[in-house]
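J.: Here you go, one structure.
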Amino acid sequence: MLVIEYKIKAKQFQYRAIKEAIRTVQFIRNKSIRYWIDAPREAKIDRFALNKYSTELRNEFQFVKDLNSMAVQAATERGWQAISRFYDNCKSKKLGKKGYPQFQRDNRSVEYKTSGWSLNSTKRRITITDKKGIGELKLLGKWDIHTYPVKAIKRVRLVRRADGYYCQFCVDVELSDTQPKTGKEIGLDLGLESFYTDSNGHQEPNPKFLRKAEPSIRNAQRQIYKKKKGSNNRRSSLARYSKKHLRVSRQRTEHAKRLARHVCKSNDLVAYEDLRVSNMLKNYCLAKSIADASWYQFREWIEHFATKFGKSAVAVSPHYTSSECSQCKRIVKKSLSTRTHVCTCGCILHRDTNAAINILLKAKSRDGQSRSNANGVGTSTLLGATLVEQVLTLKLESPSF
Numbered sequence: 011m012l013v014i015e016y017k018i019k020a021k022q023f024q025y026r027a028i029k030e031a032i033r034t035v036q037f038i039r040n041k042s043i044r045y046w047i048d049a050p051r052e053a054k055i056d057r058f059a060l061n062k063y064s065t066e067l068r069n070e071f072q073f074v075k076d077l078n079s080m081a082v083q084a085a086t087e088r089g090w091q092a093i094s095r096f097y098d099n100c101k102s103k104k105l106g107k108k109g110y111p112q113f114q115r116d117n118r119s120v121e122y123k124t125s126g127w128s129l130n131s132t133k134r135r136i137t138i139t140d141k142k143g144i145g146e147l148k149l150l151g152k153w154d155i156h157t158y159p160v161k162a163i164k165r166v167r168l169v170r171r172a173d174g175y176y177c178q179f180c181v182d183v184e185l186s187d188t189q190p191k192t193g194k195e196i197g198l199d200l201g202l203e204s205f206y207t208d209s210n211g212h213q214e215p216n217p218k219f220l221r222k223a224e225p226s227i228r229n230a231q232r233q234i235y236k237k238k239k240g241s242n243n244r245r246s247s248l249a250r251y252s253k254k255h256l257r258v259s260r261q262r263t264e265h266a267k268r269l270a271r272h273v274c275k276s277n278d279l280v281a282y283e284d285l286r287v288s289n290m291l292k293n294y295c296l297a298k299s300i301a302d303a304s305w306y307q308f309r310e311w312i313e314h315f316a317t318k319f320g321k322s323a324v325a326v327s328p329h330y331t332s333s334e335c336s337q338c339k340r341i342v343k344k345s346l347s348t349r350t351h352v353c354t355c356g357c358i359l360h361r362d363t364n365a366a367i368n369i370l371l372k373a374k375s376r377d378g379q380s381r382s383n384a385n386g387v388g389t390s391t392l393l394g395a396t397l398v399e400q401v402l403t404l405k406l407e408s409p410s411f
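Okay, so the sequence shown: first residue is 11 according to my numbering, each after it adds one.
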């Protein structure tokens, strides 16, 4: 799967129409969850029942009927995804909260399937053909959607962000760019002192995008509360605040993308720790720094590029990678503040370098998990199935890398 994204240029009434369509999607999703909550216990509510319920909503509410029928179905499928995730967590006896479906308050996208839109045959323009009044939108971007057949476009999504509206195309194509073998292998130990340390001793600096932007973000947040509620000045201040967070998010993505591409292109085998980042974020002392490092995003891009380039990416268990000596395999206990590994066998290494070597050795001995599989770009929908059943949307990597 490939996701191509353009920025939208339109008139003010078209932006208002897109906003109305997005609010309608939120209304349908919330009504679907309410329908599931209020249903009798003996009633079987599945995605087919919710799709049938969407027809009732179209007959009852004119603003729902104005939205394309497949977009209405996609909205109910978003509700079913939240319900099915709750069921799966209960069946698997997940510890802690099971993720009971919640009503959405700030939906930011509307998704069309194979109808409700049409592409201009010569120009980068898309026309939304339902009765919401969106009309023809100009697409700004460097990618050419016309190089792909229209039948290969399985989803079209309009997304609202802090700096405007975007149009995403989910294209059913296989991504492959097999790179020549280099004969090199590398192990990566992720950390906070440095973004990662590899088995060759190289330490990639941690950019700390959020920490650097925090003074500006805090100032922008203070400006919001100085403005009167409901005023245009308050909305403008909120927009400036949102744009600063959006910039940090994009910096993290580009940083992870650039490093992952370089690592996968330069090595035949990339080994990394199978970290449970969600559990690590429960440490309130380090949660902000861990989130700022964006380890999980880096891992997903490694898996993506490894599959695209025909390389191997192996996730290994992180247990004892820091305490075990990479030479004699003796366990050397050390506190988190101890940054140098010193063993009685004479091995003296930086703590993270020792861990990276152990990660690589585990991967080579096949102690790790099976090779990562990242077939192209993950989208928020499964083709022919329910909407938003996968958790991440990755855009096509920048050509300048």
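Positions of the beta carbon are idealized from the N, C-alpha and C atoms, including for glycine.
1. With a cut-off of 8 Å on the beta carbons, I'd call leucine 4 and proline 217 a contact; round off their distance for me.
2. Quick one: what does DSSP say aspartate 377 is sitting in, helix, strand or coil?
3. Quick check on DSSP: helix, strand or coil for tyrosine 16?
4. Might you give, ordered along the chain, the residues of its own chain that have their beta carbon closer than 8 Å to the beta carbon of tyrosine 45, omitting 5 neighbours on each side?
5. On a Cα-Cα basis, can you pick out the residue from Leu220, Ser125, Cys338 and Ile155 that is closest to lysine 427?
6. Kindly identify the DSSP beta-bridge partner or partners of tyrosine 122.
7. Please name the residue in Lys343, Asn242, Ser375 and Ser322 whose C-alpha comes closest to that of tyrosine 330.
8. May I ask you to report which of helix, strand or coil DSSP gives lysine 108?
9. Among residues of its own chain, excluding the 5 on either side of alanine 249, which ones have a beta-carbon nearer than 8 Å to its beta-carbon?
10. Since leucine 12 and leucine 185 are thought to touch, with beta carbons under 8 Å apart, how far apart are those beta carbons, to the nearest angstrom?
11. Alanine 281 lies in the beta strand (DSSP E); which residues open and close that run?
12. Residues in the same chain with beta-carbon distance under 6 Å from threonine 363, minus the five sequence neighbours each way, listed in chain order, please.
13. Which term fits tyrosine 5, buried or exposed, when burial requires 16 or more other beta carbons within 10 angstroms of its beta carbon?
14. Quick check on the burial criterion: 16 or more other C-beta atoms within 10 angstroms. Buried or exposed for histidine 272?
15. One question on the structure: do serine 423 and valine 181 come within less than 8 Å of each other, judged by their Cβ atoms?
16. Could you check whether isoleucine 163 and glutamine 24 sit closer than 8 Å to each other, using their CB atoms as the reference points?
17. Once the 5 residues before and after valine 258 are set aside, which same chain residues still bring their CB inside 6 Å of it?
18. Can you list, in chain order, the residues of its chain with a C-beta nearer than 6 Å to that of cysteine 355? Leave out the 5 residues immediately preceding and following it.
19. Between the C-alpha atoms of isoleucine 136 and lysine 29, what's the straight-line distance to the nearest angstrom?
20. For my contact list, isoleucine 196 and asparagine 277 are in at a C-beta cut-off of 8 Å; report their separation, rounded to the angstrom.
21. Mind checking whether isoleucine 138 and isoleucine 14 have CB atoms under 8 Å apart?
22. Using C-beta distances below 6 Å, list every residue in its chain close to histidine 351, excluding the 5 sequence neighbours before and after it, in chain order.
23. Compare the beta carbon distance of leucine 239 and serine 247 with 8 Å and say whether it is the shorter of the two.
24. Write down every uninterrupted run of the alpha helix (DSSP H) in the segment 28 to 96 whose length is 4 residues or greater and which is fully enclosed by it, in chain order.
25. Below 8 Å on the Cβ atoms is my guess for histidine 77 versus lysine 41; work out the distance and round it to an integer in Å.
26. So, for arginine 134: in the same chain, excluding its five sequence neighbours on each side, which residues have a beta-carbon less than 6 Å away from its beta-carbon?
27. So within the segment 169 to 249, which uninterrupted alpha helix (DSSP H) runs reach at least 4 residues, ignoring any that extend past its ends?
28. What does DSSP give as the partner residue(s) for arginine 135 in the beta ladder?
29. Could you tell me the distance, in whole angstroms, from the CA atom of arginine 228 to the CA atom of serine 299?
30. So, threonine 188 versus phenylalanine 319, is the Cβ gap smaller than 8 Å?
31. Helix or strand or just coil, what does DSSP make of leucine 371?
32. In terms of alpha-carbon separation, which member of Ser241, Thr65 and Gln178 lies closest to isoleucine 18?
T.: Taking the definition as stated:
1. No answer is possible for residue 4: it lies beyond the span of the chain, which begins at 11 and ends at 411.
2. For the purposes of this step, residue 377 is taken as residue 367 along the sequence shown, with counting starting at 1. Confidence in aspartate 377 is poor, its pLDDT being 42 and thus under 50, which makes the residue's placement too unreliable to answer from.
3. Residue 16 sits at position 6 when you count from the first residue of the sequence shown. In the structure shown, the three-state DSSP call for tyrosine 16 is strand.
4. In the sequence shown, residue 45 corresponds to position 35, counting from 1. The answer, listed in chain order, is Ile55, Leu60 and Tyr63.
5. For residue 427 there is no data in the structure shown, the boundaries of the chain being 11 and 411.
6. Numbered from 1 along the sequence shown, position 112 holds the residue referred to as residue 122. According to DSSP, which records beta bridges pairwise, tyrosine 122 is partnered with Val166.
7. Residue mapping note: residue 330 aligns to position 320 of the sequence shown, counting from 1. Closest option to tyrosine 330, Cα to Cα, is Lys343.
8. To locate residue 108, count along the sequence shown from 1; it is residue 98. Lysine 108 falls in the coil class under three-state DSSP.
9. Counting from 1 along the sequence shown, the entry for residue 249 is found at position 239. Excluding positions up to five away in sequence, the list reads Ala172.
10. Here residue 12 is taken as the residue at index 2 of the sequence shown, counted from 1. Here residue 185 is taken as the residue at index 175 of the sequence shown, counted from 1. Yes, leucine 12 and leucine 185 are in contact; Cβ-Cβ is about 6 Å, under 8 Å.
11. For the purposes of this step, residue 281 is taken as residue 271 along the sequence shown, with counting starting at 1. That run of the beta strand (DSSP E) goes 279 to 283.
12. Position 353 of the sequence shown, counted from the first residue, corresponds to residue 363. In the same chain as threonine 363, and ignoring 5 residues on each side of it, the C-beta atoms closer than 6 Å to its own belong to Thr207 and Gly211, in chain order.
13. The question about residue 5 has no answer here: the residues shown for the chain are numbered 11 through 411.
14. As a working note, residue 272 is residue 262 in the sequence shown. Result: exposed.
15. Since the first residue of the chain shown is 11 and the last is 411, residue 423 is not available in this structure.
16. Start at 1 with the first residue of the sequence shown, and residue 24 comes out as number 14. Start at 1 with the first residue of the sequence shown, and residue 163 comes out as number 153. A distance of 8 Å or more separates the beta carbons of glutamine 24 and isoleucine 163.
17. By 1-based counting over the sequence shown, the position of residue 258 is 248. Closer than 6 Å at Cβ, skipping near neighbours: Phe219, Leu220 and Ala223.
18. Numbered from 1 along the sequence shown, position 345 holds the residue referred to as residue 355. For cysteine 355, same chain residues with a beta-carbon under 6 Å away, outside a window of 5 residues either side, are Gln337 and Cys338 in chain order.
19. Taking the sequence shown and counting its residues from 1, one reaches residue 136 at position 126. Taking the sequence shown and counting its residues from 1, one reaches residue 29 at position 19. Taking the straight line joining both Cα atoms gives about 17 Å.
20. Along the sequence shown, one-based indexing puts residue 196 at 186. Along the sequence shown, one-based indexing puts residue 277 at 267. Indeed, because the Cβ distance is near 5 Å, the residues count as touching under 8 Å.
21. Here residue 138 corresponds to residue number 128 of the sequence shown, with the count starting at 1. Here residue 14 corresponds to residue number 4 of the sequence shown, with the count starting at 1. Result no, Cβ atoms of isoleucine 138 and isoleucine 14 do not sit closer than 8 Å.
22. The residue labelled residue 351 in the question sits at position 341 within the sequence shown. Cβ neighbours of histidine 351 beyond the five flanking positions: Leu359, Arg361 and Asn364.
23. Within the sequence shown, numbered from 1, the residue matching residue 239 stands at position 229. Within the sequence shown, numbered from 1, the residue matching residue 247 stands at position 237. A small fix is needed here, since residue 239 is lysine in this sequence, not leucine. For lysine 239 and serine 247, no; Cβs fall outside 8 Å.
24. Runs found: 57 to 70 and 72 to 75.
25. Numbered from its first residue, the sequence shown carries residue 77 at position 67. Numbered from its first residue, the sequence shown carries residue 41 at position 31. Looking at the sequence shown, residue 77 is not histidine but leucine. Contact flag wrong, Cβ pair sits at about 13 Å.
26. As a first step, residue 134 must be located in the sequence shown, where it is residue number 124. Only Leu149 meet the Cβ criterion.
27. Runs of alpha helix (DSSP H) with 4 or more residues, each lying fully within the segment 169 to 249, are found at 219 to 235, listed in chain order.
28. Along the sequence shown, one-based indexing puts residue 135 at 125. According to DSSP, arginine 135 bridges with Lys148.
29. For the purposes of this step, residue 228 is taken as residue 218 along the sequence shown, with counting starting at 1. For the purposes of this step, residue 299 is taken as residue 289 along the sequence shown, with counting starting at 1. Roughly 17 Å between the two C-alpha positions.
30. Mapped onto the sequence shown, residue 188 falls at position 178. Mapped onto the sequence shown, residue 319 falls at position 309. In contact: threonine 188 and phenylalanine 319 (Cβ atoms closer than 8 Å).
31. Here residue 371 refers to the residue found at position 361 of the sequence shown. In the three-state scheme derived from DSSP, where H, G and I count as helix and E and B as strand, leucine 371 is classed as helix.
32. Position 8 of the sequence shown, counted from the start, is the residue given in the question as residue 18. Among Ser241, Thr65 and Gln178, the Cα nearest to that of isoleucine 18 is on Gln178.
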